[in-house]
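J.: Residue 414 in UniProt numbering sits at position 414 of the sequence shown; the count goes up by one each step and never skips. First the structure, then my questions, so here it is.
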Amino acid sequence: MSSATDSVVFRHIFSTPESSEIWSDQTRTSYYLQFEAALARVQGRLEIIPQDAAEIIASKCAIQFIDMEELGEDTKRIGYPVLPVVKQLVRSVNAVKEGMGEWAHWGATTQDVTDTTTVLQIRDTCRLVSRALGEIVQVLRDLASRYASTPMAARSNLQQAVPMTFGFKMARLLATFERHQERLAEILPRLLVVEFGGAAGTLATLADTGKALQVQELLAKELGLGVPEIAWHTERDRIAEVGAFFALVTGTCAKFAFDIKLLMQTEVGEVSEPYAPHRGSSSTMPQKRNPISSVYITSIASTVRQLSAALFDAMVEDHERSTGPWEIEWIVLPQISTLTHAALVHTLSVLQGLEVHPEAMKKNLDMTNGAIVSEAVMMSLGRKIGRQVAHDLVYDLCREAALDPRKSLFDRLLGNDTVQKSGMTKEELEFLCNPANYVGLSEQMVARVVKREY
Numbered sequence: 001m002s003s004a005t006d007s008v009v010f011r012h013i014f015s016t017p018e019s020s021e022i023w024s025d026q027t028r029t030s031y032y033l034q035f036e037a038a039l040a041r042v043q044g045r046l047e048i049i050p051q052d053a054a055e056i057i058a059s060k061c062a063i064q065f066i067d068m069e070e071l072g073e074d075t076k077r078i079g080y081p082v083l084p085v086v087k088q089l090v091r092s093v094n095a096v097k098e099g100m101g102e103w104a105h106w107g108a109t110t111q112d113v114t115d116t117t118t119v120l121q122i123r124d125t126c127r128l129v130s131r132a133l134g135e136i137v138q139v140l141r142d143l144a145s146r147y148a149s150t151p152m153a154a155r156s157n158l159q160q161a162v163p164m165t166f167g168f169k170m171a172r173l174l175a176t177f178e179r180h181q182e183r184l185a186e187i188l189p190r191l192l193v194v195e196f197g198g199a200a201g202t203l204a205t206l207a208d209t210g211k212a213l214q215v216q217e218l219l220a221k222e223l224g225l226g227v228p229e230i231a232w233h234t235e236r237d238r239i240a241e242v243g244a245f246f247a248l249v250t251g252t253c254a255k256f257a258f259d260i261k262l263l264m265q266t267e268v269g270e271v272s273e274p275y276a277p278h279r280g281s282s283s284t285m286p287q288k289r290n291p292i293s294s295v296y297i298t299s300i301a302s303t304v305r306q307l308s309a310a311l312f313d314a315m316v317e318d319h320e321r322s323t324g325p326w327e328i329e330w331i332v333l334p335q336i337s338t339l340t341h342a343a344l345v346h347t348l349s350v351l352q353g354l355e356v357h358p359e360a361m362k363k364n365l366d367m368t369n370g371a372i373v374s375e376a377v378m379m380s381l382g383r384k385i386g387r388q389v390a391h392d393l394v395y396d397l398c399r400e401a402a403l404d405p406r407k408s409l410f411d412r413l414l415g416n417d418t419v420q421k422s423g424m425t426k427e428e429l430e431f432l433c434n435p436a437n438y439v440g441l442s443e444q445m446v447a448r449v450v451k452r453e454y
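This is the structure:
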């Protein structure tokens, strides 16, 4: 095994069949041939190459005519796979009509074919990512709405902070994934462009035809891509941008997974990953139910972040055709792409089957003996005796309640002379000390996110 994606054991954890297929040798080579076929058709139409040559070339641009073993050996010897593909294509065409194969790859260079193929592979990957984002958004809309009023403890520095609702937590995640949808829509027009410029990007080989830019435009149209402003052989911002986007997306998945891991702790128990027999089991501790999907999501996201940094190194390329940085993309892009889709699939699976435990949330809200609503009490009492005086008073009472849990914050407030003199009634204190009454605008904010037009 050279990578987790290649592993029979791990390939469905750290990749998906759909994303792996996109980055396979067969698909990449098929896209090389798709480029060559489109180029021949366009140049035949424009009478740059003979029409009969164009037709034969296009007919032979199919993966079944490529000897993959030979391609592997020739790539090892030459250093790049495009020339060996063209060599086999020329041979196949010449077998039909001698000399016609020499018109294949006319005016193109290796990087034109490779970069365009990379764009097509990223396009296909982004379609998978877009679909997964859409499904995640729909599930989050449902979760946010369903639990819009379910109170739970917000956490700050891993300590209970103030009450909020679980729907509010899900709505924040929903808003983030919607921003990712917006980002993807913004990136695609910049990304989905053809590369066709010849040796140094100047289209010098076709300049004398007077049709060079027309070839570029029609080639892009044949492939369903846009036309770039100018050649981008050593301007790699498009590739780095999509890598950064994948790092952002998986980072959001990991933030969600990290929270799930914390909420699944035995002492917390507020949510659980979907149950499946023996999933997350321990080999020695039968009682264990580990947050296994969340573990994979966080490990994947960390790896994507590290690999995406390599794409920024690949931006530092020399002159018009580089000596090495370009090849970095060949190594990391397949991994980044397959890992990103895997992270999204894991995240969707967790969300679809997420087990939410409101009773545990209520229990945890009560575990501080009322301290979780100390801010509510302080703010209300502060209107009567001053905020700082109220803060210090409530701080001391919370400290006492923590040291002696037999008496709640409510009871201590009720018996405190300063509170009694403030004029605050028992009913007011009861209301303030109920965590469900201090979730702020959780429900309204959930509604604002869920109902947002997108």
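Glycine residues also receive a C-beta, built at the ideal position from the N, C-alpha and C atoms.
List the whole-angstrom C-beta distance separating alanine 376 from alanine 402, where the pair is believed to meet the contact cut-off of C-beta under 8 Å.
T.: Contact flag wrong, Cβ pair sits at about 17 Å.
J.: What residue range is occupied by the uninterrupted alpha helix (DSSP H) comprising glutamine 352?
T.: 325-352
J.: DSSP beta-bridge partners for proline 151?
T.: Thr165
J.: With which residues is glutamate 355 paired in a DSSP beta bridge?
T.: Ser272
J.: Measuring only the C-alpha atoms, how far is phenylalanine 431 from isoleucine 13?
T.: The alpha-carbon atoms of phenylalanine 431 and isoleucine 13 are separated by roughly 49 Å.
J.: Only counting the same chain, and skipping five residues up and downstream in sequence, which positions put a Cβ closer than 6 Å to that of glutamine 352?
T.: Excluding sequence neighbours, glutamine 352 sits near Val139.
J.: Quick check on the burial criterion: 16 or more other C-beta atoms within 10 angstroms. Buried or exposed for methionine 1?
T.: Legend: pLDDT at methionine 1 = 48, less than 50; position of this residue unreliable, no value from coordinates given.
J.: Measure the alpha-carbon distance for arginine 127 versus leucine 158 and round it to whole angstroms.
T.: 37 Å
J.: Among the candidates Met68, Gly423, Ser19, whose CA atom is the shortest distance from the CA of isoleucine 385?
T.: Closest option to isoleucine 385, Cα to Cα, is Gly423.
J.: Among the residues of its own chain, which have a CB less than 6 Å from the CB of serine 442, if the five just before and after it don't count?
T.: Excluding positions up to five away in sequence, the list reads Met164, Thr165, Phe168.
J.: Once you ignore the five residues that flank valine 449 on each side, which residues in its own chain have a CB closer than 6 Å to its CB?
T.: Ala171, Leu174, Ala175
J.: Which complete alpha helix (DSSP H) runs does the region 182-217 hold, if anything under 4 residues is left out?
T.: none
J.: According to DSSP, which residues form a beta bridge with serine 156?
T.: Gln159
J.: Measuring only the C-alpha atoms, how far is tyrosine 438 from glycine 134?
T.: 33 Å
J.: For threonine 109, collect the residues of the same chain with a Cβ closer than 8 Å to its Cβ; drop the 5 residues on either side in sequence, then sort them by chain order.
T.: Gly197, Gly198, Ala199
J.: Does glycine 226 come out as helix, strand or coil in the three-state DSSP assignment?
T.: strand
J.: Can you look up threonine 125 in the DSSP assignment and give me helix, strand or coil?
T.: helix
J.: Going straight from the alpha carbon of serine 374 to that of alanine 144, what length do you get?
T.: In a straight line, the C-alpha of serine 374 is about 26 Å away from that of alanine 144.
J.: Measure the alpha-carbon distance for phenylalanine 258 versus glutamine 265 and round it to whole angstroms.
T.: Roughly 11 Å separates the two Cα atoms.
J.: Restricting to Cα atoms, I'd like to know which of Gln88, Arg141, Leu188, Arg412 is closest to valine 129.
T.: Comparing C-alpha distances from valine 129 to each of Gln88, Arg141, Leu188, Arg412 shows the shortest one belongs to Leu188.
J.: Only counting the same chain, and skipping five residues up and downstream in sequence, which positions put a Cβ closer than 6 Å to that of leucine 33?
T.: Cys61
J.: When the Cα atoms are used, what is the spatial distance from valine 350 to isoleucine 297?
T.: 10 Å
J.: Whose C-beta lies closer than 6 Å to the C-beta of methionine 361 among residues of the same chain, with five residues either side of it excluded?
T.: Met152, Glu270
J.: What three-state label does DSSP hand glutamine 138 in the structure shown?
T.: helix
J.: Can you grab the Cα-Cα spacing for the pair alanine 53 / serine 59, in whole Å?
T.: 10 Å
J.: Compute the beta-carbon to beta-carbon distance between tryptophan 232 and glutamine 121, rounded to the nearest angstrom, for a pair I have assumed lies under 8 Å.
T.: By a beta-carbon distance limit of 8 Å, tryptophan 232 does not contact glutamine 121. Their separation comes to about 16 Å.
J.: Using a Cβ cut-off of 8 Å (strictly closer), state whether proline 277 contacts chain C.
T.: The chain labelled as chain C is not found in the depicted structure, where only one protein chain is given.
J.: With DSSP run on the structure shown, which of helix, strand or coil describes asparagine 437?
T.: In this structure, asparagine 437 counts as helix in the three-state DSSP scheme.
J.: According to DSSP, is histidine 12 helix, strand or coil?
T.: helix
J.: Taking the straight line between their C-alpha atoms, what separation do you get for tyrosine 454 and phenylalanine 177?
T.: Note on tyrosine 454: pLDDT 40, under 50, position unreliable in the model; the coordinate value appears next. If you take the alpha carbons of tyrosine 454 and phenylalanine 177, they lie about 12 Å apart.
J.: Heavy atom of the ligand NAD less than 7 Å from the Cβ of phenylalanine 312, yes or no?
T.: Among the ligands in the structure shown, none appear at all, so the ligand NAD cannot be discussed.
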